[in-house]
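Number of protein chains: 2
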Amino acid sequence: MQEKGISQAVIGRLPRYLRYLGELKENGVERVSSQELSTLMGVTASQIRQDFNNFGGFGQQGYGYNVDFLFTEISKILGLDREYNFVIIGAGNLGSALGNYLNFERRGFIFKGIFDKNPELVGKDVRGVKVKHINDLEDFLRNNAIDIAVLTIPKTGATLLVDTLVENGIRAIWNFAHVDLDVPEGVQVENVHLSDSLMKLSYNISRYDREKK
Amino acid sequence: MQEKGISQAVIGRLPRYLRYLGELKENGVERVSSQELSTLMGVTASQIRQDFNNFGGFGQQGYGYNVDFLFTEISKILGLDREYNFVIIGAGNLGSALGNYLNFERRGFIFKGIFDKNPELVGKDVRGVKVKHINDLEDFLRNNAIDIAVLTIPKTGATLLVDTLVENGIRAIWNFAHVDLDVPEGVQVENVHLSDSLMKLSYNISRYDREKK
Numbered sequence: 526m527q528e529k530g531i532s533q534a535v536i537g538r539l540p541r542y543l544r545y546l547g548e549l550k551e552n553g554v555e556r557v558s559s560q561e562l563s564t565l566m567g568v569t570a571s572q573i574r575q576d577f578n579n580f581g582g583f584g585q586q587g588y589g590y591n592v593d594f595l596f597t598e599i600s601k602i603l604g605l606d607r608e609y610n611f612v613i614i615g616a617g618n619l620g621s622a623l624g625n626y627l628n629f630e631r632r633g634f635i636f637k638g639i640f641d642k643n644p645e646l647v648g649k650d651v652r653g654v655k656v657k658h659i660n661d662l663e664d665f666l667r668n669n670a671i672d673i674a675v676l677t678i679p680k681t682g683a684t685l686l687v688d689t690l691v692e693n694g695i696r697a698i699w700n701f702a703h704v705d706l707d708v709p710e711g712v713q714v715e716n717v718h719l720s721d722s723l724m725k726l727s728y729n730i731s732r733y734d735r736e737k738k
Numbered sequence: 526m527q528e529k530g531i532s533q534a535v536i537g538r539l540p541r542y543l544r545y546l547g548e549l550k551e552n553g554v555e556r557v558s559s560q561e562l563s564t565l566m567g568v569t570a571s572q573i574r575q576d577f578n579n580f581g582g583f584g585q586q587g588y589g590y591n592v593d594f595l596f597t598e599i600s601k602i603l604g605l606d607r608e609y610n611f612v613i614i615g616a617g618n619l620g621s622a623l624g625n626y627l628n629f630e631r632r633g634f635i636f637k638g639i640f641d642k643n644p645e646l647v648g649k650d651v652r653g654v655k656v657k658h659i660n661d662l663e664d665f666l667r668n669n670a671i672d673i674a675v676l677t678i679p680k681t682g683a684t685l686l687v688d689t690l691v692e693n694g695i696r697a698i699w700n701f702a703h704v705d706l707d708v709p710e711g712v713q714v715e716n717v718h719l720s721d722s723l724m725k726l727s728y729n730i731s732r733y734d735r736e737k738k
């Protein structure tokens, strides 16, 4: 799971760097030192230098980092120098919310289709895209170059759907179903297990209480 | 950020253990070996033993782990032996989706209120809870014991709201806004930055392509 020794921990931090660099760019800032980034982001300057060294540095002594260049390089590393088409499976509230996120489009993730098994949802408009019946999914995937499937359906449905997705060219699954999916090599899965995230909160609340006692 | 030397990485894995143990429980399984759990979960048996050793083991040589006991102990560590009341700020698709999640209630997270600044959403029903106007939030927090605020609003609104939440007793923020929040010590924040998660997918897709070349 590594590329040239870059750990997933570093990769995991890149989107946050990109967010801050994007804001600096928007504010017309042209260069930034690791010290300034450190203050802004609440991580140590040495962590920042170490992280950027993984990709060859990007910085110049006494000048700092060129914001635009750094933004572009990190974008490339994250694969954001191209577009990705995605479909959403599950047109409930969560699926609709994700279809409506304009931010994804700005990053190059293009919303191409949304599907549901519930006939009552078919035809509903999600940001200009009409919900289609799940029975039309295979045909749609065969006739459109879709990279990513977003699963916002219950876990049984998600597990059953994986083969269909993979056989029809899906390369990555963004999985909101509360289940671990079994995919062939070369297919990427990123899980968003919302309950797990909520439990980190309850852990931290209760730990804080135990320590105060 | 540590308790008796337990790393956040271990804590982060506990909800997944809990999910698998919950399924074993539902299927009537009474005990399980680290080897069986390993096969089921796709992690090494030694990782499982190491993780559980952090909390004093729970296992008996030759017997394995008692599923029910392990489930209960991990629940306690995660702070799930009590209930938490939460409100949602932002009654759009994402806020409504989270309000409708029955799973949270099963884990002891009780949905108490939902707020929005859009008057058109006020009065809308989300699983039996009527959307209130954001102006009523302070009063509501003062008169109800709410532990957790879930922020499903844009980043500017989220930043502005933090003080109000903290001053009125909120102990934890589950933040879906695409911004890092500044909170006083003792207030817990857990971020769900959806774009960041999506970028891990694009990174993995493009890395896979680079390695294939």
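Sequence lines, in order, name chains A and R. Everything in the first sequence is counted per this note's numbering, starting at 526 for the first residue and increasing by one. Everything in the second sequence is counted per this note's numbering, starting at 526 for the first residue and increasing by one. Every residue gets a Cβ at the ideal spot worked out from N, C-alpha and C, and that includes glycine. No experiment lies behind these values; they were computed from the predicted model shown.
Taking a C-beta distance under 8 Å as the contact criterion, A:THR677 and A:PHE640 do not qualify as a contact pair. Each residue's CA atom was taken as its position, placing R:VAL654 and A:PRO709 some 42 Å apart. Under the 10 Å beta carbon count, R:ASP650 is surrounded by fewer than 16 other beta carbons and is classified as exposed. Using a Cβ-Cβ cut-off of 7 Å, A:GLU715 is close to SER722, LYS725, LEU726 of chain R, given in chain order.
Short of 7 Å from the beta carbon of R:SER563, and not among the five residues preceding or following it, lie these beta carbons of its own chain, in chain order: THR569, ALA570, ILE573. Under the three-state reduction of DSSP, R:VAL712 is assigned to coil, being neither helix nor strand. Shown here, R:GLY589 sits in a strand according to DSSP, grouped into three states. As a beta-bridge residue in DSSP terms, A:VAL612 pairs with A:GLY638, A:ALA674.
Among the CB atoms of chain A, one or more fall inside 8 Å of the CB of R:SER731.
Counting along the chain, A:ALA697 sits inside the beta strand (DSSP E) bounded by residues 697–700.
Restricting attention to A:MET724, A:GLY648, A:VAL535, A:SER532, the CA atom closest to the CA of R:PHE634 is found in A:MET724. Nearest CB-CB separation between A:ALA670 and chain R: not below the 8 Å threshold. Nearest to R:ILE614 by C-alpha distance, out of R:PRO540, R:VAL712, R:ASN729, R:THR684, is R:THR684. The C-beta of A:PRO679 comes no closer than 8 Å to any C-beta of chain R. If you check each beta-carbon in the stretch 616–634 of chain A against every beta-carbon of chain R, the ones closer than 8 Å belong to GLY617, ASN618, LEU619, SER621, ALA622, LEU623, ASN625, TYR626, ASN628, PHE629, ARG632, GLY633, PHE634. Taking C-beta atoms as the reference points, A:ASN579 and A:ILE531 count as a pair closer than 8 Å. Between A:PHE665 and A:GLY682, the CB-CB gap reaches or exceeds 8 Å. For the stretch 682–705 of chain R, residues whose beta-carbon sits nearer than 9 Å to a beta-carbon of chain A comprise ARG696, ALA697, ILE698, TRP699, HIS703, VAL704, ASP705. Taking every protein chain shown into account, the CB of R:VAL554 has fewer than 16 other CB atoms within 10 angstroms, so this residue is exposed.
Look at A:GLY638: its C-beta is not under 8 Å from any C-beta on chain R.
In summary, R:GLY587 is exposed, with fewer than 16 beta-carbon neighbours lying within 10 Å of its beta-carbon over all protein chains present. Between R:HIS703 and A:ASN552, the C-beta gap is not smaller than 8 Å, which leaves the two residues out of contact.
R:ILE673 reaches chain A at LEU726, counting residues in chain order whose Cβ is nearer than 7 Å. Below the 8 Å Cβ cutoff, chain A contributes TYR728 as neighbours of R:ILE602, in chain order. For the pair R:LEU565 and R:TYR590, the CB atoms are not nearer than the 8 Å cut-off. If you draw a straight line from the Cα of A:GLU715 to the Cα of A:ILE698, it comes to about 6 Å. When DSSP states are grouped into helix, strand and coil, R:LYS737 belongs to the helix group.
DSSP links R:LYS601 through a beta bridge to no other residue. Taken atom to atom, the span from the alpha-carbon of R:LEU719 to that of A:HIS718 is near 11 Å. For A:VAL691, the enclosing alpha helix (DSSP H) begins and ends at 680–692. At a cut-off of 8 Å between beta carbons, A:TYR609 contacts chain R. Burial of A:ALA674 is indicated by the presence of at least 16 other C-beta atoms within 10 angstroms of its C-beta. Chain A has a Cβ within less than 8 Å of the Cβ of R:ILE536. For R:ILE536, no pairing in a beta bridge is given by DSSP. Collapsing the DSSP output to three states places A:LYS725 in a helix.
By the rule that beta-carbons nearer than 8 Å mark a contact, A:ARG667 does not touch chain R.
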